[in-house]
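J.:
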Amino acid sequence: MFGDLFEEDYSSVSNYQYGNEKKLKTKVLEPPAPREFTNLSGIRNQGGTCYLNSLLQTLHFTPEFREALFSLGPEELGSFEDKDKPDAKVRIIPLQLQRMFAQLLLLDQDAASTTDLTDSFGWTSDEEEKSKPDLQNKEEIDDDPLIILKAILLQEESNLIPVDQLGQKLLKKIGISWNKKYRKQYGPLRKFLQLHSQIFLLSSDESTVSLLKNGSLQAESDFQKKDQHLFQMHTSESPGLNDRNSCPHWFDINDSKVRPIKEKDIEQQFQGKESAYMLFYRKSQLQRPPEARANPRYGVPGHLLNEMDAANIELQRKRAECDSANNSFELHLHLGPHYHFFNGALHPTVSRAESMWDFTFDKRKTLGDLRQSILQLLEFWEGDLVLSVAKLVPAGLHVYRMLDGDNLTLCEMEIEDGEDIFVWNGVEVGGIPIPTGSDCEPVLINVLHLAASSQGGKCQQLVEAPHVFPSNAEVQAVLAALAMPVAVLFVSTTDSVGEENWVAIPEEDLKKTFREQGLGNGSSVLVQESKDDKSLLLRQGKWFTGASETSWLQVQNLCEVESEEKQVKISATVNTVVYEIRIKAIKELELMKELAENSCLRPIGRNGKLLCPVPDSYTVKEAELKMGSSLGLCPGRAPTPSQLFLFFTVGSDVQPGTEMEIIVEETMSARDCLKLMLEKSGLPGDTWHLRKMDWCYEAGEPLCEEDASLKELMICSGDTLLLIEGKLPLPGFLKVPIWWYQPGGPSGHWKSHQDQVDGTPSPSGVWTATSTQGAPGDLYAEASLRHVGDLEISEEATLLELKSQAMTLSSSDFVIPSPAFLRAWTLESKRPSRLLRTNLQQLKEYKLGRKTEICLEPLQKEENLGPHDVVLRTQMRIPGKRAYAPHVDLVWDTACGWTAGSLRQRIAHFCSLPVEKIEIAKYFPEKFEWLPVSSWNQQITKRKKKKKQDNLQGAPYYLKDGDTVGIKNLLVEDDEDFSTVRDDLGKETQKQLALGKQKSQETLRVQSSDLFSGVKTPARPRAPEASLSIHVGSFR
415 MFGDLFEEDY SSVSNYQYGN EKKLKTKVLE PPAPREFTNL SGIRNQGGTC
465 YLNSLLQTLH FTPEFREALF SLGPEELGSF EDKDKPDAKV RIIPLQLQRM
515 FAQLLLLDQD AASTTDLTDS FGWTSDEEEK SKPDLQNKEE IDDDPLIILK
565 AILLQEESNL IPVDQLGQKL LKKIGISWNK KYRKQYGPLR KFLQLHSQIF
615 LLSSDESTVS LLKNGSLQAE SDFQKKDQHL FQMHTSESPG LNDRNSCPHW
665 FDINDSKVRP IKEKDIEQQF QGKESAYMLF YRKSQLQRPP EARANPRYGV
715 PGHLLNEMDA ANIELQRKRA ECDSANNSFE LHLHLGPHYH FFNGALHPTV
765 SRAESMWDFT FDKRKTLGDL RQSILQLLEF WEGDLVLSVA KLVPAGLHVY
815 RMLDGDNLTL CEMEIEDGED IFVWNGVEVG GIPIPTGSDC EPVLINVLHL
865 AASSQGGKCQ QLVEAPHVFP SNAEVQAVLA ALAMPVAVLF VSTTDSVGEE
915 NWVAIPEEDL KKTFREQGLG NGSSVLVQES KDDKSLLLRQ GKWFTGASET
965 SWLQVQNLCE VESEEKQVKI SATVNTVVYE IRIKAIKELE LMKELAENSC
1015 LRPIGRNGKL LCPVPDSYTV KEAELKMGSS LGLCPGRAPT PSQLFLFFTV
1065 GSDVQPGTEM EIIVEETMSA RDCLKLMLEK SGLPGDTWHL RKMDWCYEAG
1115 EPLCEEDASL KELMICSGDT LLLIEGKLPL PGFLKVPIWW YQPGGPSGHW
1165 KSHQDQVDGT PSPSGVWTAT STQGAPGDLY AEASLRHVGD LEISEEATLL
1215 ELKSQAMTLS SSDFVIPSPA FLRAWTLESK RPSRLLRTNL QQLKEYKLGR
1265 KTEICLEPLQ KEENLGPHDV VLRTQMRIPG KRAYAPHVDL VWDTACGWTA
1315 GSLRQRIAHF CSLPVEKIEI AKYFPEKFEW LPVSSWNQQI TKRKKKKKQD
1365 NLQGAPYYLK DGDTVGIKNL LVEDDEDFST VRDDLGKETQ KQLALGKQKS
1415 QETLRVQSSD LFSGVKTPAR PRAPEASLSI HVGSFR
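Dropping the structure here:
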């Protein structure tokens, strides 16, 4: 049939490389769009390939040609695998054409590419440019709404259509609604139709619209000028189109665009002088086998079917990935229980990895979906869960607005990528109410004032300390913070020449807020007592700190060398070099000249601590020394620019004055630095590691990369490192203490947290509970914990692997057939806390911190908990006795909700009792109280005053894994009491403890009163209360 149609000039394509790996090339990041409702694929225009595209579509929709081409096999065309063989003859053009037709038939994309086909022709980009015809194929979308509406009405058989459908068809035709594109310029759609009454005819009720006769003729004339380069095909010959009554039988294929068209409009498309089209003749009647009807896979070779199926699967995967990437963003969740409020803002109490979690979520989902996902992630959460938008400011973390409206999507709520979300109960953190909103945003103000020198005498030094104030607080709050009843406040300004001046704040402006006064983060406020008219800082309202003005620095003799003078004042400017100040101080203190080569200057902190030495080459400005501050002249040279001066101490309990000092090279590794510090402190062994002190003066994150240099670990001069006992696990590994846990029987009760703190474990390392008559057999009754060792395991390992390795730590009294017979809990305060339920989940996904401990509970049978399964300890109350039978574990599927009705149904089925004949209550062991779970499934919230479905995860039950639930059989006992004898004893003990504490306080108060009753002491005026502020020197 084809003759020598596909004979190729191999000399022109000898350098062309092609293989099976060259499929579906696309230069765009996003995968191609799927086919539209017509289920037909267009062809993308490479530039000047419009006629080629038309020819290809014509041949493609000619079954005689297409199926004859598909019938050619490797015998006639060869295969791509043999293209590199010297004696093989591979006809690349027909092979590429086969693949192109298979893509047009089966590949789920809106338009195919001809790049591979034109490459097989040997075409280059220059030749493509030369081959461009004068008539370019352009997609024309007219912005004139009059022409578009008339064209839509012309396609209707009676030229009549409801107005609502007219708007929908407009949206489908141009891809944008009337209101978004035309309403601002032309007004509403009905008004536009009324204004053009010479063309459109509205019905009396304005529900339908039609074209007037003269308007129809004019519309036909206008429509003939549009879209000249079109190709029509009939659906009876369309192998890729399913039968649809709603679609017409003809389609316009304009390169990559495919749209339906009516038969009567075809003639209009090919009229006019500007029309460009090709004629193609074929048989008027086509006989097709029944199996070919509406079957796009008919006649396609098997290898191409497999290739297209695989390509469709890959397209679906890429679209899913693209959709997820385009519609997902990352949120930073700050967990309220890991924060505390002080100094005007929220600050983490643990490491950053434990206090803030990065959470990826679909922004198209609702706030309710986000809240539920976070609840499932935070299995330890109890009480209401409120989400608020927060922001990190210099003072700490501040909460701005609470998120409300569970039915709104995150896009509608204007949540942005990388947003900080604070997770809390909406009221307080650590018992302290939290101020929220932009009005009370904390601002960090630098407050400067003169104070007496720490060494006494007439010398004064300038003290600068940061203070945090709400931005809506009055400026005079600065005086209260410094306990100054009366003073003058100055704010810093810069004049036109860049010189800093201090301007006094009028007394009437002291009642303005910091925001009204224009003070924000980093602003400086100078406080001067009113009676001090001879201040060295202020002269006629101006602070002289320029290079031409001199001031002084105070240097103290700390060289352990006798001298008549203990301290001297050295005149200096901001440009004075530290070396000159040191030499002058040695001379004026009349010290030995040898100290010139073996001494350094060290700033003295407000608490008297010697800070890091200042290099001699620095100027006063570069060393950030304040005029009037104190320096200590100390023995030993200052570190060079390539050296670090570090403080270090042993243990995490840092006591003032116990720090040791060391100078090391910044290129030294953390391992070598650890060895030097161990040698200097005289500590033996190699089971130590280094931690950096955080800004709370507590042990921070360990220096895990022991082979990295101190510079790479961002260690700076003046930092404090802590020597902590215990060897670090390898990078990517966790060191987890493992405990065996065995809950008890019907009697006994686990000690309270305070009891555990005050007590000690038994000599065998086992924590046990006390036994009391009538105690509920809850989770902690007669429970025991046995420490079996520490397990070093990779963060990539699964929970199943952790259980398996834990079984090998030591022999136990339990025979464990397999890890499925173990239940894993995290341990907090020697109590099981969070249930780790998924065996195949990686440990890193559980967000286990470096201080996490795990206890393993042996089971009688295998257990594989699902994501919605909750483990409860159920106990049946013994009739006629205030006691309970031994506990039995109950697994409750909460996939349908955490409702009271669902729980009651599950327990009734578990106990084989009618649901109306049971009562259940949750036990709170720390209060010795039982809270009945009501069968009423709706409650009224105080906040919104509307009904909502109950959730046992929230107040007042706070139900979670491991909770004890008491069950009462109403068939044999109908009283409302769930308590036991031990509950009465426990409440009485708590009451006596509270009374004893109150009496001891009163006794101490009386003794203090008697002690001072006979002593006449002058009344001392009480200073006004001042807020406590903490200076954070560095935010590294």
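In the numbering used here, the protein residues as written are 415 to 1450.
Just so it is clear, CB atoms sit at the ideal spot from N, CA and C, and this is done for glycine as well.
For the alpha helix (DSSP H) that residue 531 lies in, which residues bound it at each end?
T.: 529-535
J.: Among residues of its own chain, excluding the 5 on either side of residue 858, which ones have a beta-carbon nearer than 7 Å to its beta-carbon?
T.: 808, 809, 880, 882, 935, 936
J.: I'd like the list of long-range same chain contacts for residue 1371, defined as Cβ closer than 8 Å, with 5 residues on each side in sequence excluded.
T.: 1336, 1345, 1347
J.: Is the distance from the Cβ of residue 1076 to the Cβ of residue 1089 below 8 Å?
T.: no
J.: Answer with buried or exposed for residue 1320, where buried requires no fewer than 16 other C-beta atoms within 10 angstroms of its C-beta.
T.: buried
J.: Got a sec? Which residues, its chain only, sit under 7 Å from residue 476 by beta carbon, not counting five neighbours each side?
T.: 696, listed in sequence order.
J.: Locate the alpha helix (DSSP H) running through residue 1473, then write down its first and last residues.
T.: Outside the modelled stretch of the chain, which goes from 415 to 1450, sits residue 1473, for which no answer is possible.
J.: What residues in its chain sit with their C-beta under 6 Å from that of residue 996, if we drop five residues either side in the sequence?
T.: 1015
J.: Taking the straight line between their C-alpha atoms, what separation do you get for residue 1254 and residue 1213?
T.: 6 Å
J.: Within the same chain, show all residues whose beta-carbon is closer than 8 Å to that of residue 1275, passing over the 5 residues directly before and after it, in chain order.
T.: The beta carbon of residue 1275 lies closer than 8 Å to those of 1235 in the same chain, with the five residues before and after it left out.
J.: Quickly, what does DSSP pair residue 1066 with across the bridge? List them, please.
T.: For residue 1066, which the question treats as bridged, DSSP gives no partner whatsoever.
J.: Here's the rule I'm using: 16 or more other beta-carbon atoms within 10 Å means buried, otherwise exposed. How should residue 1365 be labelled?
T.: buried
J.: Per DSSP, what are the beta-bridge partners of residue 1290 in this structure?
T.: Paired residues: 1381.
J.: Count the other CB atoms within 10 Å of the CB of residue 374; is the residue buried (16 or more) or exposed (fewer)?
T.: No answer is possible for residue 374: the residues shown for the chain start at 415 and end at 1450.
J.: Taking the C-alpha atoms as reference points, what is the distance between residue 750 and residue 1017?
T.: 38 Å
J.: Residue 516 lies in the alpha helix (DSSP H); which residues open and close that run?
T.: Start and end: 506-520.
J.: Could you tell me how far apart the beta carbons of residue 1207 and residue 1240 are, in whole angstroms, since I believe they sit closer than 8 Å?
T.: The Cβ separation is near 15 Å, so there is no contact.
J.: Going by C-alpha to C-alpha distance, which of 1280, 840, 1291 sits closest to residue 1309?
T.: 1280
J.: In whole angstroms, what is the alpha-carbon distance linking residue 575 and residue 677?
T.: 19 Å
J.: Which residue from 756, 1333, 1061, 1233 puts its Cα closest to that of residue 847?
T.: 756
J.: Can you round the beta-carbon distance between residue 719 and residue 711 to whole angstroms, since I take them to be within the 8 Å contact cut?
T.: Their Cβ separation, rounded to whole angstroms, is 6 Å, which keeps residue 719 and residue 711 in contact under 8 Å.
J.: Helix, strand or coil for residue 722, going by three-state DSSP, please let me know.
T.: The answer is helix: DSSP assigns residue 722 an H, G or I state.
J.: Helix, strand or coil for residue 1414 per DSSP?
T.: helix
J.: Residue 941 and residue 903 look like a contact to me (Cβ under 8 Å); what is the Cβ gap, rounded to whole Å?
T.: 6 Å
J.: Tell me whether residue 1097 is buried or exposed, calling it buried when 16 or more other Cβ atoms sit within 10 Å of its Cβ.
T.: exposed
J.: Does the distance from the C-beta atom of residue 1047 to that of residue 970 stay below 8 Å?
T.: In this structure, residue 970 lies closer than 8 Å to residue 1047 by Cβ.
J.: Would residue 577 and residue 615 be called neighbours here (beta carbons separated by less than 8 Å)?
T.: no
J.: Roughly how many whole angstroms lie between the Cα atoms of residue 769 and residue 762?
T.: Rounded to whole angstroms, residue 769 to residue 762 spans 6 Å at the Cα level.
J.: DSSP three-state label for residue 1082, please.
T.: coil
J.: Determine whether the beta carbon atoms of residue 449 and residue 522 lie at a separation below 8 Å.
T.: In this structure, residue 522 lies closer than 8 Å to residue 449 by Cβ.
J.: Using the beta-carbon count (16 or more within 10 Å), is residue 1266 buried or exposed?
T.: buried
J.: Hey, could you find the ends of the alpha helix (DSSP H) residue 795 is sitting in?
T.: Note, residue 795: premise wrong, no alpha helix (DSSP H); not H, not E.
J.: Between the alpha carbons of residue 1381 and residue 1387, how many angstroms are there, rounded?
T.: Taking the Cα positions, residue 1381 is about 11 Å away from residue 1387.
J.: Using C-beta distances below 8 Å, list every residue in its chain close to residue 528, excluding the 5 sequence neighbours before and after it, in chain order.
T.: 457, 458, 460, 463, 466, 467, 470, 514
J.: With a threshold of 6 Å on Cβ separation, who are the neighbours of residue 1134 within its own chain once the five nearest residues in sequence on each side are excluded?
T.: If we look at residue 1134 and ignore the five residues flanking it on each side, its Cβ neighbours are 1061, 1107.
J.: Determine the direct distance from the alpha carbon of residue 1205 to that of residue 972, and round the result to whole angstroms.
T.: Spanning the two alpha carbons is a distance of roughly 50 Å.
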